[in-house]
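*Asks:*
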Amino acid sequence: MEQEFRKVSHHAILSEVQELQEEHYRLIQICATTVQEGYEILYTFGKGYDEVQVKIHTDVGEHVQSISRFFPPAWLYENEIHDLHGIEIDGITLDFRGGLYRTKEKAPFAHKEVKEGK
Amino acid sequence: MKISKSPWLLHYDASSCNGCDIEVLASTTPRFDVERFGIINTGNPKHADIFVITGGVNEQTRQVVKQLYSQMPDPKVVIAAGICACDGGIFKDCYNVSGGVDTVIPVDVYVPGCAVKPEALIDGVVKALAILDEKREAMKNHAVCEVNYGGKTKEE
Amino acid sequence: MSSRSVIPFGPQHPVLPEPIHLDLVLEDERVVEAVPSIGFVHRGLESLVSKKDFKEMVYVAERICGICSFGHGFGYCDAVEHIMDIHVTERTDYLRTILFELSRMHSHILWMGLMADAFGFENLFMDTWRIREKVLDMLEAATGGRVIFSILDVGGLRRDVPDDMLKSFLPVLDDIEKELAIDIKTFLNDSAVKSRLCGVGILTPEQVETLGCCGPFLRGSGVKRDSRKLGYAAYDDIDFEIITSNDCDTYGRTFVRAYEILQSIKIIRQAISKVPSGEVMVPVKGFPQGEHMTRLEQPRGEACYYVKANGTRFLERMRVRTPTFANIPALTETLQGCDMADVPILIVAIDPCISCTER
Chain A
-4 MEQEFRKVSH HAILSEVQEL QEEHYRLIQI CATTVQEGYE ILYTFGKGYD
46 EVQVKIHTDV GEHVQSISRF FPPAWLYENE IHDLHGIEID GITLDFRGGL
96 YRTKEKAPFA HKEVKEGK
Chain B
18 MKISKSPWLL HYDASSCNGC DIEVLASTTP RFDVERFGII NTGNPKHADI
68 FVITGGVNEQ TRQVVKQLYS QMPDPKVVIA AGICACDGGI FKDCYNVSGG
118 VDTVIPVDVY VPGCAVKPEA LIDGVVKALA ILDEKREAMK NHAVCEVNYG
168 GKTKEE
Chain C
11 MSSRSVIPFG PQHPVLPEPI HLDLVLEDER VVEAVPSIGF VHRGLESLVS
61 KKDFKEMVYV AERICGICSF GHGFGYCDAV EHIMDIHVTE RTDYLRTILF
111 ELSRMHSHIL WMGLMADAFG FENLFMDTWR IREKVLDMLE AATGGRVIFS
161 ILDVGGLRRD VPDDMLKSFL PVLDDIEKEL AIDIKTFLND SAVKSRLCGV
211 GILTPEQVET LGCCGPFLRG SGVKRDSRKL GYAAYDDIDF EIITSNDCDT
261 YGRTFVRAYE ILQSIKIIRQ AISKVPSGEV MVPVKGFPQG EHMTRLEQPR
311 GEACYYVKAN GTRFLERMRV RTPTFANIPA LTETLQGCDM ADVPILIVAI
361 DPCISCTER
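Protein chains in written order, with my numbering: chain A, -4 to 113; chain B, 18 to 173; chain C, 11 to 369.
#1: Report the residue from Leu112(C), Val164(C), Pro215(C) and Lys61(C) whose alpha carbon sits nearest the alpha carbon of Leu183(C).
#2: 8 angstroms is my cut-off, CB to CB: does Leu15(A) come that close to chain C?
#3: By a C-beta neighbour count over all protein chains shown, 10 Å radius and 16 as the cutoff for buried, is Glu75(A) buried or exposed?
#4: For Tyr112(B) and chain C, any beta-carbon pair shorter than 8 angstroms?
#5: Taking 8 angstroms as the threshold, find out whether the segment 258 to 270 of chain C comes into contact with the segment 86 to 104 of chain C through three or more Cβ pairs.
#6: Below 8 angstroms on the Cβ atoms is my guess for Leu146(B) versus Ser44(B); work out the distance and round it to an integer in Å.
#7: Along chain B, which residues have their Cβ under 8 angstroms away from the Cβ of Arg97(A)?
#8: State the beta-bridge partners of Met3(C) as determined by DSSP.
#9: Return the CA-CA distance between Cys37(B) and Val121(B), expressed in angstroms with no decimal places.
#10: Gln48(A) touches chain C at which residues, Cβ-Cβ below 8 angstroms?
#11: Against chain A, does Ser47(C) count as a neighbour if the rule is that its beta carbon must be under 8 angstroms from one of theirs?
#12: At a Cβ cut of 9 angstroms, what residues of the segment 30 to 62 of chain A count as close to chain C, listed as they run along the chain?
#13: Using a C-beta to C-beta distance shorter than 9 angstroms, which residues of chain C count as neighbours of Cys103(B)?
#14: If you pair each beta-carbon of the segment 97 to 115 of chain B with each one of the segment 70 to 87 of chain A, do three or more pairs fall below 8 angstroms?
#15: Exposed or buried, Gly168(B), counting other C-beta atoms within 10 Å across all chains shown (16 or more means buried)?
#16: Could you spell out where the alpha helix (DSSP H) holding Tyr392(C) opens and where it closes?
#17: Looking at the secondary structure, which residues open and close the beta strand (DSSP E) in which Lys50(A) lies?
#18: May I ask you to list the residues that DSSP assigns as paired with Gln77(B)?
#19: Three Cβ pairs or more, each shorter than 8 angstroms: is that satisfied between the segment 263 to 275 of chain C and the segment 102 to 121 of chain C?
#20: Given His52(C), which residues of its chain have a CB within under 8 angstroms of its CB, disregarding the five upstream and five downstream residues?
#21: Kindly indicate which three-state DSSP category Ala351(C) falls into: helix, strand or coil?
#22: For Gly112(A) and Ala102(A), what's the separation of their Cα atoms in angstroms?
#23: Would a check of beta-carbon distances place Pro67(A) closer than 8 angstroms to chain B?
#24: Find the residues of chain B that neighbour Glu100(A), judging by a C-beta separation of less than 7 angstroms, and give them in chain order.
#25: Count the other C-beta atoms from every protein chain shown that fall within 10 angstroms of the C-beta of Thr254(C), then say buried if there are 16 or more, exposed otherwise.
#26: Comparing C-alpha positions only, which one of Val210(C), Phe80(C), Asp246(C) and Asp127(C) sits nearest to Leu42(B)?
#27: Using a Cβ-Cβ cutoff of less than 7 angstroms, which residues in the same chain neighbour Lys158(A) once the five nearest sequence positions on both sides are dropped?
#28: Mind checking Tyr166(B): buried by the 16 CB within 10 Å criterion, or exposed?
#29: Determine the DSSP secondary structure at Lys107(A), reduced to helix, strand or coil.
#30: With respect to the beta strand (DSSP E) encompassing Gly225(C), which residues constitute its N-terminal and C-terminal limits?
#31: Restricting to Cα atoms, I'd like to know which of Lys239(C), Pro354(C), Pro362(C) and Cys366(C) is closest to Phe4(C).
#32: At 3 residues or longer, and completely inside the segment 21 to 105 of chain B: list those beta strand (DSSP E) runs for me, N to C.
#33: So what does DSSP say about Glu35(A), is it helix, strand or coil?
#34: State the beta-bridge partners of Lys2(A) as determined by DSSP.
#35: Just the C-alpha distance for Cys223(C) and Thr98(A), rounded to the nearest angstrom, thanks.
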């Protein structure tokens, strides 16, 4: 069984997510990956036993819109992504502002451009 | 009366994977029953004589470990339970792990293993008891009483 | 109008085997808000993908957590096997199912003990943990480890579990079933225990769905969903029920976990009777390339393993979404409006596994 990772533009994520919410999907997880050209954020939604994977791509330094307005538990995932990957996420309902994880090295999974720029 | 006849034990998880934690807890339950040595698992550092730490210390628990250690009355012994507490183990290369417990506080007994076996842990506790008695003797012979004033000894 | 005070809870607390910190905002004895702060067990093991190759990562994955160790190793191996298009043998599937269920039993019995400890029933704690040792004996005989097994490998199992050993588990399971029945009776019928569990931490079925809960926390509120029904390993050949409870409180969650242990025994018995003969390892050639997300049911709920590989020895990303992580938003919800004295029970009720959560 091949899994489908549907790519959407990162400006379209909110409308995509709103649609899924209206169809009564639930949020399973959000995961960020540092890739060569920036970051990938993978959102997994589920309904019953089915799942939908939506993937967006962002460049280094670009801001991402929070989906916690539609899916309340997203605040935890988004704070984690902010703390570990250093991606700025706007409009999280419960924003820890970098206080969720206190790590020795700030944003350890950040893109190497960011790390070298420091 | 020897203090080692009934030492109380404080356990803290300094970023371990939980494997050692449940083995520490398992050693107090009927199969292994470390309580037959008069040991009680306490949650209060000011009641404790033995400090069992599991896991390599990470950035955030560093202060907690120091604080718990300073709250324990003298004499006290520290047991590093599991290979992570001894030297960082498999997580040594992780960005957030500083290594063994001995990078933060002095350790008296090292009990390796992943996860540490209750038998090994009991062995470590028995070793620690001997050290506890030695420390007590040394304290008696010292003219200066090393009372702990909020984590600082008098000399400091 | 009473004044508000903030009580810090944790990271070191008698009821918590693991460190988590909560700021509890109190109005007299009532909690009005709970703000969690995590990171006391954060090691950053996902970053090890750049230092250890995809086969060595099995050991790292198993050490995400010492209680759900088998499930983590399994989820990781399953994701890599999907990427590399490896089909493990049928015997491997059955043995993995048996070991998975044994570790679910040990995890649930452990939780029952911790819960008993949290509501101050020392005797029950000791008795459940005594029974748990029998499960650990079976696991130790089969794998060599009590809590961390290291028997899994990409492509199968590192060693076979002989058939006569599997047969010897059957009388032990009968024993456990008999002894547990007594403890379960105490948990579910004792009036003192019930007074601590009933009506505490109520979450409606709608709430658990919107808060993204999983596992016994979800099923304790009457939602019938168990990822084992996705049919990985040998689960699609095995007949078992999904236990749910309509109590929607801590009692319901206890009920679900208690009866899930008995279901696990049923699954293991079926699997032992059906296990086919054959090899347990298939050859693995080359390096993985691609990405995959595996979902499976851990003792604490649904866990997700995302692996992205680029065709070299080292993976690009390994990410684990653990059940406790998904249950934390709901935990903060149940804490609002509860009594200060019920906080430990509510925390233990989600079966928190902090080292999973923070990795």
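The beta carbon of each residue, even a glycine, is placed where N, CA and C say it ideally should be.
*Replies:* Looking at the atomic coordinates:
#1: Within the third sequence, residue 183(C) is the residue found at index 173, counting from 1. Of the listed residues, the one whose Cα sits closest to Leu183(C) is Leu112(C).
#2: As a working mapping, residue 15(A) is identified with position 20 in the first sequence. No, no contact with chain C.
#3: Translated into positions along the first sequence, residue 75(A) becomes position 80. Counting Cβ neighbours within 10 Å, Glu75(A) comes out buried, since at least 16 surround it.
#4: Here residue 112(B) refers to the residue found at position 95 when the second sequence is read from its first residue. Chain C contact via Cβ: present.
#5: no
#6: As a working mapping, residue 146(B) is identified with position 129 in the second sequence. As a working mapping, residue 44(B) is identified with position 27 in the second sequence. Not confirmed; about 14 angstroms, so no contact.
#7: Within the first sequence, numbered from 1, the residue matching residue 97(A) stands at position 102. Result: Glu76 and Gln77.
#8: It is not possible to answer for residue 3(C), since the shown part of chain C is limited to 11 through 369.
#9: Numbered from its first residue, the second sequence carries residue 37(B) at position 20. Numbered from its first residue, the second sequence carries residue 121(B) at position 104. Going from the Cα of Cys37(B) to the Cα of Val121(B) covers about 19 angstroms.
#10: As a position in the first sequence, residue 48(A) is number 53, starting the count at 1. Those are Met303, listed as they occur along chain C.
#11: As a working mapping, residue 47(C) is identified with position 37 in the third sequence. Chain A places a beta carbon closer than 8 angstroms to that of Ser47(C), counting this residue as a contact.
#12: Residues of the segment 30 to 62 of chain A with a Cβ closer than 9 angstroms to any Cβ of chain C, in chain order: Val30, Glu35, Leu37, Thr39, Gly41, Gly43, Tyr44, Glu46 and Gln48.
#13: Here residue 103(B) corresponds to residue number 86 of the second sequence, with the count starting at 1. Correct list: empty, because the minimum Cβ distance to chain C is about 15 angstroms.
#14: Because the criterion of three Cβ pairs below 8 angstroms is not met, the segment 97 to 115 of chain B and the segment 70 to 87 of chain A do not touch.
#15: Taking the first residue of the second sequence as position 1, residue 168(B) is located at position 151. A caution first: Gly168(B) carries a pLDDT of 45, below 50, which makes its placement in the model unreliable, though a value can still be read off. Result: exposed.
#16: Any question about residue 392(C) goes unanswered here, given that chain C covers just 11 to 369.
#17: Here residue 50(A) corresponds to residue number 55 of the first sequence, with the count starting at 1. For Lys50(A), the uninterrupted beta strand (DSSP E) run begins and ends at Asp45 to Thr53, by DSSP.
#18: Here the question's residue 77(B) lines up with position 60 in the second sequence. Paired residues: none, contrary to the question.
#19: yes
#20: Working through the third sequence from its first residue, we reach residue 52(C) at position 42. Cβ neighbours of His52(C) beyond the five flanking positions: Glu368 and Arg369.
#21: Reading the third sequence from its first residue, position 341 is the one you call residue 351(C). In this structure, Ala351(C) counts as helix in the three-state DSSP scheme.
#22: In the first sequence, the residue the question calls residue 112(A) occupies position 117. In the first sequence, the residue the question calls residue 102(A) occupies position 107. Each residue's Cα considered, the two are about 13 angstroms apart.
#23: Along the first sequence, one-based indexing puts residue 67(A) at 72. No, its Cβ sits nowhere closer than 8 angstroms to a Cβ of chain B.
#24: Mapped onto the first sequence, residue 100(A) falls at position 105. The answer, in chain order, is Tyr112.
#25: As a first step, residue 254(C) is located in the third sequence; it is residue number 244 there, counting from the start. Result: buried.
#26: The residue you call residue 42(B) lines up with position 25 of the second sequence. It is Asp127(C).
#27: What the structure shows of chain A is the stretch from -4 to 113, and residue 158(A) is not part of that stretch, so it cannot be assessed.
#28: Mapped onto the second sequence, residue 166(B) falls at position 149. Summary for Tyr166(B): the model assigns pLDDT 45, below 50, so the residue's position carries little reliability; its value from the coordinates is reported in the next sentence. By the neighbour-count rule (16 or more Cβ atoms within 10 Å), Tyr166(B) is not buried but exposed.
#29: Against the first sequence, residue 107(A) aligns to sequence position 112. Helix at Lys107(A).
#30: The count along the third sequence starts at 1 and reaches residue 225(C) at position 215. Here Gly225(C) belongs to no beta strand (DSSP E), and DSSP marks it neither H nor E.
#31: Given that chain C is displayed from residue 11 to residue 369, the structure contains no residue 4(C) and the question cannot be resolved.
#32: 25 to 30, 57 to 59, 67 to 71 and 94 to 98
#33: By 1-based counting over the first sequence, the position of residue 35(A) is 40. In the structure shown, Glu35(A) sits in a strand (DSSP, three-state: E or B).
#34: Along the first sequence, read from residue 1 onward, the residue named residue 2(A) stands at position 7. DSSP lists Lys50(A) as partners of Lys2(A).
#35: Along the third sequence, read from residue 1 onward, the residue named residue 223(C) stands at position 213. Along the first sequence, read from residue 1 onward, the residue named residue 98(A) stands at position 103. For Cys223(C) and Thr98(A), the distance between alpha carbons rounds to 27 angstroms.
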